[in-house]
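I have placed the structure first, in the form of structure tokens, so that the comments after it can refer back to it.
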Amino acid sequence: MKNADVIIVGGGVIGCSMAYYLAKSKIKAVVLEKEEIGVGASSANGGGVRQSARDLREMPLAMHAVTKLWPGLTDELGVDVEYHQKGNLRLGKTEGHMEILDRIVGQGKLAGLDLKIIGRDEVREICPYVSEEVIGASFCPTDGHANPMKTTLAFYKRARELGTTFITGEWVKSLLMTKGKISGVITGTNEYHASKVILAAGLESRTLAKTVGIDLPMQKIMLEALITEALPKMFPQMIGTAAADFYGHQTDHGSFVFGGVTGLEPFTSDESQPVTRRFTAPATCRAILGYFPCLEHTKIIRTWSGFLDEMADHVPVLGQVEEVPGLTLACGFSGHGFGISPAVGQLVAELIVNGQPSISLEAFHYDRFRRV
Amino acid sequence: MKKPMERTFHTSEFKAQADDSLIICRCEEITKGEIRRALYDGMSTINEIKRFLRVGMGLCQGQTCNRLVKGIIAGELGIAWQDLEVSKPRSPVRPIAMKIYANDGLVK
Amino acid sequence: MYRIEEHPILSAFPKGKLVKFAYDGKTLEGYEGEPIAMALKANGVMVHRYTSRHSQPRGVFCAIGRCTDCVMIVDGMLNVRTCIIPLQEGMKVQTQDGLEKKEQDD
Amino acid sequence: MMMERFEVIVIGAGPAGLAAAIEAASNGMQVVVFDENSRPGGQLFKQIHKFFGSKEHHAKIRGFKIGEKFLQEAETLGVKVVLNASVIGIFQNREVSVMLGDRISHYRANAIVIATGASEKMIPFAGWTLPGVIGAGAAQTMMNIHGIRPGNRVLMVGSGNVGLVVGFQLIQAGCKLEAVIDAAPRIGGYGVHAAKIARLGVPFYLSHTIIGARGAEFVERATIAEVDQNWQQVPGTEKDLELDTICLAVGLTPMSQLARIAGCQVADLPQKGGMVPVCNAFGETSIPGIYATGDVAGIEEASSAMIQGKIAGAAISLAQGYLSAEDFQLRYASYDHSLGQLREGTFGHENKGRTDLKTTDDGYPLSQFLFRKGYLADGELSHYPGVPTSERLNQELMPVIECIQNIPCNPCQDACPQGCIVIGSTITNLPAINQSAKCSGCGMCVVSCSGQAIFLVDVNYAPGYAAISLPYEFKPLPAVGTSGVALDRSGAILGEAEVISVRKTAVMDETAILTMKVPVQWAMSARFFKQL
Chain A
2 MKNADVIIVG
12 GGVIGCSMAY
22 YLAKSKIKAV
32 VLEKEEIGVG
42 ASSANGGGVR
52 QSARDLREMP
62 LAMHAVTKLW
72 PGLTDELGVD
82 VEYHQKGNLR
92 LGKTEGHMEI
102 LDRIVGQGKL
112 AGLDLKIIGR
122 DEVREICPYV
132 SEEVIGASFC
142 PTDGHANPMK
152 TTLAFYKRAR
162 ELGTTFITGE
172 WVKSLLMTKG
182 KISGVITGTN
192 EYHASKVILA
202 AGLESRTLAK
212 TVGIDLPMQK
222 IMLEALITEA
232 LPKMFPQMIG
242 TAAADFYGHQ
252 TDHGSFVFGG
262 VTGLEPFTSD
272 ESQPVTRRFT
282 APATCRAILG
292 YFPCLEHTKI
302 IRTWSGFLDE
312 MADHVPVLGQ
322 VEEVPGLTLA
332 CGFSGHGFGI
342 SPAVGQLVAE
352 LIVNGQPSIS
362 LEAFHYDRFR
372 RV
Chain B
6 MKKPMERTFH
16 TSEFKAQADD
26 SLIICRCEEI
36 TKGEIRRALY
46 DGMSTINEIK
56 RFLRVGMGLC
66 QGQTCNRLVK
76 GIIAGELGIA
86 WQDLEVSKPR
96 SPVRPIAMKI
106 YANDGLVK
Chain C
78 MYRIEEHPIL
88 SAFPKGKLVK
98 FAYDGKTLEG
108 YEGEPIAMAL
118 KANGVMVHRY
128 TSRHSQPRGV
138 FCAIGRCTDC
148 VMIVDGMLNV
158 RTCIIPLQEG
168 MKVQTQDGLE
178 KKEQDD
Chain D
70 MMMERFEVIV
80 IGAGPAGLAA
90 AIEAASNGMQ
100 VVVFDENSRP
110 GGQLFKQIHK
120 FFGSKEHHAK
130 IRGFKIGEKF
140 LQEAETLGVK
150 VVLNASVIGI
160 FQNREVSVML
170 GDRISHYRAN
180 AIVIATGASE
190 KMIPFAGWTL
200 PGVIGAGAAQ
210 TMMNIHGIRP
220 GNRVLMVGSG
230 NVGLVVGFQL
240 IQAGCKLEAV
250 IDAAPRIGGY
260 GVHAAKIARL
270 GVPFYLSHTI
280 IGARGAEFVE
290 RATIAEVDQN
300 WQQVPGTEKD
310 LELDTICLAV
320 GLTPMSQLAR
330 IAGCQVADLP
340 QKGGMVPVCN
350 AFGETSIPGI
360 YATGDVAGIE
370 EASSAMIQGK
380 IAGAAISLAQ
390 GYLSAEDFQL
400 RYASYDHSLG
410 QLREGTFGHE
420 NKGRTDLKTT
430 DDGYPLSQFL
440 FRKGYLADGE
450 LSHYPGVPTS
460 ERLNQELMPV
470 IECIQNIPCN
480 PCQDACPQGC
490 IVIGSTITNL
500 PAINQSAKCS
510 GCGMCVVSCS
520 GQAIFLVDVN
530 YAPGYAAISL
540 PYEFKPLPAV
550 GTSGVALDRS
560 GAILGEAEVI
570 SVRKTAVMDE
580 TAILTMKVPV
590 QWAMSARFFK
600 QL
């Protein structure tokens, strides 16, 4: 049996970020991770740090992260997280695409985001490599990308230096309640006691929340990505498409990381471990070449897949569970948690320390689900 | 099943070694010293070392250095060889030009 | 200078026709279909590229396409595994410097 | 477009893969073999030495010729061998994606055989990234496939069979082998392989490691030094060697990436060379219908890989209804027996890595001198059953068999038409001289010995002179009448010698028998002829 002030379940980017911001406030949490640091979606995602095309509820978090947190992260953590703020281009080839982009731009403007539609020529001024077929794009100059693996491990490294205890290979099996309040967790080998438990365990959060009677409408989606050999620097923007068939960017290393979607994912995600499908990488390559034909000789060196924890309304669950005092949820990021991870870490830390985050998390309440 | 591992922070200083400049990952040109330093900084598994330093993430995908990195980690952290999981190899086993990968017999 | 003219066990090494190819602006000869790296070695070329980070010379290491140490720029394409890609007449082979061609090249 | 489905997809056209394909096809199955190389045969086509084993293991046949035979057999049985075809992944439902030319094709199979072989282990040292540092496999590929000498002056790092065999091949290709070094205190490979290069004058530095390679743009020098029992460098023992090539032969490791991509359960087992798929006795992995065979399932010799391949092929035929349970049992029993034979002896499974063995299985002393030096000391010869007594040697022409470790191999017994050589049914036994048979001097034992350990010695050739017949696999082949020097087992020059006969016929398969005349006192020490 071990004791802690705060237990964080999950050593992904969210768990590590929270651990770091808590440690900055002198709270040394114990992070329990089933596998290794940053193994799930934290190391499988495409690295987008984006505000555009987000649900309006997430916009304050994304904008806060981009304006206040991401720019200083490398210095603050002492590890280059490879953050670049050179904009997000969402490309369109058809009138239908442009309509989709118009809607996205409209949404962004509502939240006060610098986001606009640009025409054929302006797209090429920003990124001269796009195919002739591209007729326009939405452009958000303050969006960008970072290295998700290094960011996760940088939060971990710094939090560890500030006194956070990380225990990997420790699989939390259930939450413990005593006298109506959270009192700790039970793992495969140990019992940990704490009056505050934060659940940031991705998909596993659903199983664990159920142990105290909370049912999160979350599903498992398996997504695939791929990486190319390194090329000389071509363009620094984060790329997406109105058709949402692929997204990606060139990394500091020179390789391109691209994620691709076939549309079959909701029907083929029933594996216990992430696997790649024979048809996904070819489909992603076709999608990429449809926008960047100049990459035709660029070699793919690896593909991978990962699960994401998708909430029924594609927006995470964040905040305290009032009916289970001491339990805080930070899960269900639905494939776009990386970009807001510093903000989530900071706000949840504030919630734990002051009982009140500086940006309201009300929209992310676990009990919001009635009908999608 | 993985064994629980507590990632305690070393308060002692990082000690350089004579062979720290030895290249271990030939593709990404990562040295033994960089790996040892990352281990000191808390990276404690092959995957963490890989993701932190890009060891084994280059063109050859770790075909030469995987075993070497495993040996260094096992030695530095005193972990049994068998308890260290190597990173998963993934398709494609050889680099493939996107144009070829895209051409899998399916018409757009 | 590295071709084996006479071997006690192997009677002959089946080779394609002798062709010319460009190497860093020079014209060299090799046999069509043999790996580019072999044609280069036969001409005494040891250095295939310089690395990105430390600018160190690299050449053939595994000779079977696995280690990717021997990559060069071939017909403008980066990172071509010369130990397995067959030589063709008129190929343009360039020493790779990091991710670019070597400066003094054409 | 429809998915094409094969009964069996074999990945890798090396010894194991081809054997599996042949076995399955011979039972009536439809088989396709994909190999990423432009030539089939895997390592077989790089193996230009004669194989060990018995007849059923293709003993005394050179590896590349076994490869040719296998290919022909596969072709006759209708096996489709597709070259330049890289299998890039194995997916669920036994789907296989193959890159061929400018496209990817996806196939499904009822059974998949992963026979992707091994890759080389490498050891890092200062300067190991310099051009000129290569794998021993790279050296083999360059010289034996492409006819290119990897360098002129070569250091071999590693004294296992790969290091020893490739070392000999380097000399055959015209390179100068400067030395063979090994961090272990003893030679790891067969004594007969070591003796082959020791008598050419190649020094062995045991308990030595490479400290570094130097050179501005490529290897120009190397430093080696002695190591103590804890593998720590002994100060002051550095030696500087001038050379242009460093060959690394420090072991092989299974290329199990595809098995791991497929999701097969794996284990990292040092005795198998690294990460291997966990397989049952028939090579089936944790995923039903996916088999792994040959080096990918554990590093062994090519001869073993061929039998393992057959076992997998038979198991697949059984599983898919092409072989009855009785027939399978019969075949399996015979393959298993054959495999068992190859795994016996001084270097067999049980003894792998053992350094405490003092005697052979049949009770003869194991030469510790040989382990340290690479050749037998003169005084040790008489311990072994293949060396005739001095009484007999004084009377008649006799074979002298310097085969002194239990290696599964018996072609010499079959080769002798006079019945002079006896091994018996345990093929790891040391060959013994039959006291009642008479040698005709035909030399078939000399050329049949894959370890080149048999010599014919005639001490009564001429007054004061003996004639020594030895296997010779170098170019140029000296002509009769050539004078030169006789070398002893360590490669030291004994003195003048003259070639008095050179025999080379088709049946000898490129191993010539060279007979040299030497002063009779060197009859039991002169073992090589060097042209001056």
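The listed protein sequences correspond, in order, to chains A, B, C and D. Per our numbering, the first sequence starts with residue 2, numbered consecutively. Per our numbering, the second sequence starts with residue 6, numbered consecutively. Per our numbering, the third sequence starts with residue 78, numbered consecutively. Per our numbering, the fourth sequence starts with residue 70, numbered consecutively. The beta carbon of each residue, even a glycine, is placed where N, CA and C say it ideally should be.
Taking only the alpha-carbon atoms, compute the straight-line gap between residue i and residue j and give it to the nearest angstrom.
| i | j | result |
| --- | --- | --- |
| Q220 of chain A | G281 of chain D | 55 Å |
| K7 of chain B | P339 of chain D | 20 Å |
| A116 of chain C | Q274 of chain A | 46 Å |
| L321 of chain D | D364 of chain D | 9 Å |
| T299 of chain A | N4 of chain A | 52 Å |
| F75 of chain D | F280 of chain A | 19 Å |
| R423 of chain D | A374 of chain D | 23 Å |
| G340 of chain A | D152 of chain C | 40 Å |
| I330 of chain D | K93 of chain B | 7 Å |
What are the boundary residues of the beta strand (DSSP E) that residue i is part of?
| i | result |
| --- | --- |
| N529 of chain D | 523-531 |
| I8 of chain A | 7-10 |
| W305 of chain A | 300-312 |
| K197 of chain A | 197-200 |
| M467 of chain D | 467-470 |
| I203 of chain D | 202-204 |
| C332 of chain A | 328-332 |
| N89 of chain A | 89-93 |
| A54 of chain A | Neither: A54 of chain A is in no beta strand (DSSP E) and is coded neither H nor E. |
| Y248 of chain A | 247-251 |
In terms of residue numbering, what span does the alpha helix (DSSP H) encompassing residue i cover?
| i | result |
| --- | --- |
| K599 of chain D | Careful: K599 of chain D lies outside any alpha helix (DSSP H), inside the beta strand (DSSP E) at 597-600. |
| K110 of chain A | 96-111 |
| Q482 of chain D | 480-484 |
| T456 of chain A | In the structure displayed, chain A extends from 2 to 373; residue 456 of chain A sits before or after that span and is not available. |
Would you verify that the beta carbon of residue i is, or is not, closer than 8 Å to some beta carbon of chain D?
| i | result |
| --- | --- |
| A140 of chain C | yes |
| R287 of chain A | no |
| T50 of chain B | no |
| K178 of chain C | no |
Using a C-beta cutoff of 8 Å, does residue i count as contacting chain B?
| i | result |
| --- | --- |
| V156 of chain D | yes |
| R130 of chain C | yes |
| A282 of chain A | yes |
| R143 of chain C | yes |
Who are the near neighbours of residue i in its chain, counting only those whose CB is closer than 6 Å to its CB and skipping five residues on each side?
| i | result |
| --- | --- |
| M513 of chain D | A484 |
| L73 of chain B | I29 |
| G47 of chain B | R12 |
Enumerate in chain order the residues of its own chain whose CB-to-CB distance from residue i is below 8 Å, with the five nearest sequence positions on each side excluded.
| i | result |
| --- | --- |
| K113 of chain B | Its pLDDT being 42, under 50, K113 of chain B is placed unreliably by the model, and nothing is read from it. |
For residue i, which residues in the same chain have their Cβ closer than 7 Å to its Cβ, ignoring the five residues on either side in sequence?
| i | result |
| --- | --- |
| T69 of chain B | R31 |
| F543 of chain D | Q241 |
Step through the CB atoms of chain A and report whether any lies within less than 8 Å of the CB of residue i.
| i | result |
| --- | --- |
| E164 of chain D | yes |
| M29 of chain C | An answer regarding residue 29 of chain C cannot be provided, because it is not within the stretch 78 to 183 covered by chain C. |
| E82 of chain C | no |
| K113 of chain B | Its pLDDT being 42, under 50, K113 of chain B is placed unreliably by the model, and nothing is read from it. |
I'd like to know if residue i contacts chain C, where contact means its C-beta is closer than 8 Å to some C-beta of that chain.
| i | result |
| --- | --- |
| K300 of chain A | yes |
| S355 of chain D | no |
Inset, instruction - Assess, as a yes-or-no matter, whether the region 18-27 of chain B is touched by the region 325-338 of chain A under the definition of 3 or more beta carbon pairs within less than 8 Å. - result: no
Inset, instruction - Answer yes if the region 50-63 of chain A comes into contact with the region 131-138 of chain A, meaning at least three C-beta pairs across the two stretches below 8 Å, and no otherwise. - result: no
Legend entry - the region 406-423 of chain D in contact with the region 523-530 of chain D per 3-pair CB rule at 8 Å: no
Inset, instruction - Check whether the region 341-358 of chain D touches the region 212-222 of chain D, counting contact only when three or more Cβ pairs, one atom from each stretch, lie closer than 8 Å. - result: no
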